[in-house]
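Student: Below are the structure tokens for one structure; questions will follow.
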Amino acid sequence: MQTADGRTVNLGALCKQNTPSINPQRLSAVDAEAARMPISNVKYDGNLLEGRVTNQTGDTAQNIKVNYEVRDRKGNLIDNGFILAQPATVPPGASASFSGVTEKGTKVQPTFVEWSK
Numbered sequence: 043m044q045t046a047d048g049r050t051v052n053l054g055a056l057c058k059q060n061t062p063s064i065n066p067q068r069l070s071a072v073d074a075e076a077a078r079m080p081i082s083n084v085k086y087d088g089n090l091l092e093g094r095v096t097n098q099t100g101d102t103a104q105n106i107k108v109n110y111e112v113r114d115r116k117g118n119l120i121d122n123g124f125i126l127a128q129p130a131t132v133p134p135g136a137s138a139s140f141s142g143v144t145e146k147g148t149k150v151q152p153t154f155v156e157w158s159k
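My numbering applies: residue 43 is where the sequence shown begins, and numbers increase by one.
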């Protein structure tokens, strides 16, 4: 664009959107809360799924449910459910174990954790 006094002004820079060079990964509130209850030491032996969860929420967690899914060789979902972790009440920083019988499948894995405060 040319101004009244004859100068040329590039308006393209005004319309350009600046995108940040680094896009930090953002978690939803639900995912962020779930990240505070990590699952570890997961083992699957035939049809027994077991492991541990650690309460990193800062609050006492109660009735922790470890949800899981069972998939066949082709990756098709054949079952899902949950296993209650023990003990039922877990203070901040403490861990609880889970162990339960599942439907037999090629791939069995925990999917997410639920709990009440």
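Even glycine gets a Cβ: it sits at the ideal position worked out from N, Cα and C.
In the DSSP assignment, what residue or residues form a beta bridge with residue 128?
Tutor: In the sequence shown, counting from the first residue as 1, residue 128 sits at position 86. In DSSP, residue 128 forms a bridge with 139.
Student: Considering only the alpha carbon of each residue, which of 97, 91, 100, 130 lies closest to residue 111?
Tutor: One-based indexing of the sequence shown puts residue 111 at position 69. Of the candidates 97, 91, 100, 130, the one whose C-alpha sits nearest the C-alpha of residue 111 is 91.
Student: Restricting to Cα atoms, I'd like to know which of 86, 101, 158 is closest to residue 94.
Tutor: Translated into positions along the sequence shown, residue 94 becomes position 52. Of 86, 101, 158, the residue nearest in Cα terms is 86.
Student: Pull up the DSSP beta-bridge partners for residue 152, would you.
Tutor: As a first step, residue 152 is located in the sequence shown; it is residue number 110 there, counting from the start. In DSSP, residue 152 forms a bridge with 110.
Student: Look at the alpha carbon of residue 104 and the alpha carbon of residue 148, and state the distance between them as a whole number of angstroms.
Tutor: Position 62 of the sequence shown holds residue 104. Position 106 of the sequence shown holds residue 148. Spanning the two alpha carbons is a distance of roughly 31 Å.
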